[in-house]
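Down below is the structure, laid out as structure tokens.
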Amino acid sequence: MTSRARVAFAVVVAAAALSPVPALAQSFGVRLERGEVGVDGRGRLQSQEQGPLNTSSNYQQWLRVPISGFLLHPRVIRYTFAVRPLFGQSLASSADQGTRSSSLGLDGSASFFQGRRLSVTLQGTQSSGRSSGDFSTETTFDNTDLTGILFVRSRYFPTTVTYSNRSIADRWESAFAALPIERDQRATRFRAETRNRKLTTIFEQTSYRELRGTSDHDATSAQARHRLTWGKGSSLVSVFNHYDRRGASAITRSSWSERVTILHTEAVSTGLAFARQGWSRETIEGRNLSYEAATRYMPSLDATASIAVSGQRFESETGGGLSRLRIAPSGRYAFDVGSVAISTSATVGTERLSRTLPSDALIDVIEEPHRIDASRVFALDQIRIEPESIEVWNESRTLILEREIDYRVIVTGPVVEIQVLPGGRVGEGETVLVNYRYRSLAAEDVGLLYVNYETSARYSGVTLRHGRRQRSRDVSGPSGALDDPNDVDLWFGVSLVRRTRLGALSVDLTRRTRDASEIDYTSDEVRLGLVLRPVGKITGRVRATTSSTNADGLNTRNSSAGVSVSWPASRSLRISGGLDGWVWERDEQEAETFLSANFMMTWQFGDVNAVIGLDQVRRANGTSLSESRWSVRLVRRF
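For the sequence shown, this note's numbering gives the first residue as 2, with consecutive numbering after it.
Here it is in structure tokens:
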């Protein structure tokens, strides 16, 4: 336990120890709160074609007994203290003996001068124990989480200061991983925030360290943000960021940006933005400067017209750079024709790009964001990418994902896609950050003229969508003229939302084509969703997605489907289950399939809460892999 954690727990323990003294009967209070006792068990059975049958199980039981009270006065010091003894064990068919663990957990919190102009809250959690297992191994662990919060209540400048220190050691296992992933994390966070009606100032600093074999690293990040508002909507926002990561995938990055928005009238506004960023990664360093100026006219919610001028200048220490200047007027208008609602938007712009990088120079892309949809596949923004340079992180930048465990890299001609694998540590709806390198083209000047438009029409639950993005390029330089100077991206879609006797039905069909000098791409996607009407108390949901892609003659198909059902049998009993399937296939390759079924029953009677769950997973790709999982949880409060 750290020294700060010891101080926090000492305060809580001292308050609890002093409370029973009879002489202080009018200056203290103590009360035994409701505690709980629980049992949690889970197991896994895994079989592989022409391989052994592997089983594993985990079991733990715990007890939590809390007390609370006050010292001197309820508004002076209030405290809560809880003891959590824990015992657990795990068994596996591949081990000579099971693993047993025991720990003692302590939870404490204390608040000083609660509700006053100046108040402090301390919260701490400590868990220490030991586990022993196969091959005479023995592990000790010590997890600590300490948070201190200072509140300064002021009419003009209310301020909150937070400090937290967290130490975590965990072990992650996957049915698809040959070895478990063990991590040792340390995180410290400081945050100060002042906020009122016109002014917001935030400073935050985080230090993070992770020890995991060859991926050991530590990082420090800091951010200062200041926002000033005036009038009826004008504002000035200043942001400074610094990030320094040492160890595996080392990188240093800092940026400073200013953005001002001036609201002249209710319909006319002007925005100015400036940002400067510098970064270094291994032996490559670079600087990036960007700016933007825009004026918007918005006479109504259904009509908007704007013009924007933006520029960028990138410089690399390896020589050369890249500059871009863009001018783009745009407009949006929505109107009704009878019962048909029509919306259309268009942008016509010109851009000048000057590239002075040496031929085939490597350019780093840092933290390109992508949101995972139902298809679990997304394409990276650039082409001519080096696949071995790809790194995928979670959105909080605290976890680097494992290739062939969490994701797979798919190379189709000049296009590189990331396929998120079922059973990994990220899933649908989450955002990931991707780092990679790509090779630039030879030095050249490029003039671009582009026209983008998109329109939609909606009538009685049916929506038609159509869009086109076309860029005409004028290239001069050592690379010569392009065979095909046009880049055309065309898409068309139709969606239907309708209520039927079965329930709410949604259908979406989308076709996208792209014709460019570097790629010929066609994609078709169909989505189907059905929310079933309740039959008695039973509710259900059905979904299906299928997509096919043809890129330079190589076909890829991706399909998924799922159904889920929920039945509240009574006030205390709920039963739910589901079935999901996923298929990915490519020309001249064997199709990969993934099937899963789940069942869960939740029962609550009085203070007893029981959860029973069962999962069946099957994955096949050449050799089949089948897995069954079960879990039971019982909790009794007293």
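Virtual Cβ for every residue (Gly too), placed ideally from N, Cα, C.
**Prompt:** Looking at G578 and N599, is the spacing between their C-beta atoms short of 8 Å?
**Reply:** Yes, they are a contact pair.
**Request:** Please name the residue, chosen from T230, F241, E211 and S168, that lies closest to F204 on a Cα-to-Cα basis.
**Result:** When only C-alpha atoms are compared, the closest one is F241.
**Request:** Would you kindly check if the distance between the Cβ of P67 and the Cβ of E34 is under 8 Å?
**Result:** When the beta-carbon positions are compared, E34 and P67 come within less than 8 Å of each other.
**Asked** Across which residues does DSSP place N242 in a beta bridge pair?
**Response** Beta-bridge annotation (DSSP): N242 is paired with Q224 and S256.
**chain B contact for L381 (CB, 8 Å cutoff)** = Note that chain B does not occur in the displayed structure, where there is just one protein chain.
**Message:** Please identify the residue among E316, Y437, S571 and E396 whose C-alpha is closest to the C-alpha of S390.
**Reply:** It is Y437 whose Cα lies nearest to the Cα of S390.
**Request:** Determine the closest residue to R544 out of G582, S573 and L151, with distance taken between C-alpha atoms.
**Result:** When only C-alpha atoms are compared, the closest one is G582.
**Message:** Please classify A6 as buried or exposed, where buried requires at least 16 neighbouring CB atoms within 10 angstroms.
**Reply:** Here A6 scores only 47 on pLDDT, less than 50, and its place in the model is too uncertain to base an answer on.
**Asked** What span of residues does the beta strand (DSSP E) with Y157 cover, start to end?
**Response** Run containing Y157: none; DSSP gives neither H nor E here.
**Prompt:** What does DSSP give as the partner residues of Q313 in its beta bridges?
**Reply:** Answer is S291 and R325.
**Request:** With DSSP as the reference, label P388 as helix, strand or coil.
**Result:** Per DSSP, reduced to three states, the secondary structure at P388 is helical.
**Message:** Going by DSSP in three states, G537 sits in which element: helix, strand or coil?
**Reply:** It is coil, neither helix nor strand.
**Message:** Short of 6 Å in beta carbon distance, which residues of its chain neighbour G44, apart from the five on each side in sequence? Order them along the chain.
**Reply:** Only S58 and W631 meet the Cβ criterion.
**Request:** Consult DSSP for T266 and reduce its assignment to one of helix, strand or coil.
**Result:** DSSP places T266 in coil when its eight states are reduced to three.
**Item:** 6 Å CB neighbourhood of N453 in its chain, flanking five on each side removed
**Value:** Taking N453 as the centre and dropping the five residues before and after it, the same chain places the C-beta of T348 and R470 closer than 6 Å to its C-beta, in chain order.
**When L531, G430, N395 and F191 are compared against T501, the one with the closest alpha-carbon** = Sorting L531, G430, N395 and F191 by C-alpha distance to the C-alpha of T501 places L531 at the top.
**Request:** Give the range of the beta strand (DSSP E) segment to which Q420 is assigned.
**Result:** Where Q420 is concerned, the enclosing beta strand (DSSP E) stretches over V416 to V421.
**Request:** Taking only runs that begin and end inside the region 535 to 570, name each unbroken alpha helix (DSSP H) of 4 or more residues, in chain order.
**Result:** At a cut-off of 4 residues, not a single continuous stretch assigned as alpha helix (DSSP H) sits fully inside the region 535 to 570.
**Message:** To the nearest angstrom, how far is the alpha carbon of M601 from that of V612?
**Reply:** Rounded to the nearest whole angstrom, the C-alpha separation of M601 and V612 is 7 Å.
**Prompt:** Under the three-state reduction of DSSP, which class applies to N610: helix, strand or coil?
**Reply:** Strand at N610.
**Prompt:** Can you tell me the Cα-Cα spacing of P23 and L400, whole angstroms?
**Reply:** Because the pLDDT at P23 is just 42, under 50, the model does not fix this residue reliably, and the point stays unresolved.
**Asked** Measuring CA to CA, which of K199, Y334, T148 and R638 is closest to R192?
**Response** Minimum Cα distance to R192 is reached at T148.
**Request:** Would you tell me roughly how many angstroms separate the C-alpha atoms of Q127 and S165, rounded to the nearest one?
**Result:** A direct Cα-Cα distance of roughly 13 Å separates Q127 from S165.
**Prompt:** Is the distance from the Cβ of R32 to the Cβ of S69 below 8 Å?
**Reply:** In this structure, S69 lies closer than 8 Å to R32 by Cβ.
**Cα-Cα separation, G125 to L151** = Taking the Cα positions, G125 is about 15 Å away from L151.
**Asked** When DSSP labels each residue in this structure, what does S397 get in the three-state scheme?
**Response** Three-state DSSP puts S397 in coil, outside helix and strand.
**Asked** Is the region 492 to 512 close to the region 521 to 536, with three or more CB pairs under 8 Å?
**Response** They touch, by the three-pair rule.
**Message:** Quick check: the region 449 to 468 against the region 408 to 422, are at least 3 beta-carbon pairs closer than 8 Å?
**Reply:** With contact defined as three or more Cβ pairs closer than 8 Å, the region 408 to 422 and the region 449 to 468 are not in contact.
**Asked** In angstroms, rounded to a whole number, what distance separates the CA positions of S346 and F493?
**Response** Separation of S346 and F493 (C-alpha to C-alpha, rounded to the nearest whole angstrom) is 15 Å.
**Message:** On the DSSP letters alone, give me the boundaries of the beta strand (DSSP E) that T501 sits inside.
**Reply:** No beta strand (DSSP E) holds T501; DSSP gives it neither H nor E.
**Prompt:** Sorted by chain position, which residues of the same chain lie with C-beta nearer than 6 Å to F1's C-beta, five sequence neighbours on each side aside?
**Reply:** Past the edges of the chain, shown from 2 to 639, lies residue 1, and the structure says nothing about it.
**F1 - DSSP class collapsed to helix/strand/coil** = With the chain covering 2 to 639 only, the question about residue 1 has no answer from this structure.
**Asked** Across which residues does DSSP place D143 in a beta bridge pair?
**Response** Paired residue(s): S129.
**Request:** Give the single residue among L46, T56 and L64 whose Cα lies nearest to the Cα of V38.
**Result:** Out of L46, T56 and L64, L64 has the C-alpha closest to the C-alpha of V38.
**Request:** Could you have a look at T357 and say whether DSSP puts it in helix, strand or coil?
**Result:** If DSSP states are grouped into helix, strand and coil, T357 belongs with coil.
**Request:** Can you give me the Cβ contacts of T221 inside the same chain, cut-off strictly under 6 Å, excluding the 5 residues immediately before and after it?
**Result:** Cβ contact annotation for T221 (same chain, cutoff 6 Å, sequence separation greater than five): S208 and D245, in chain order.
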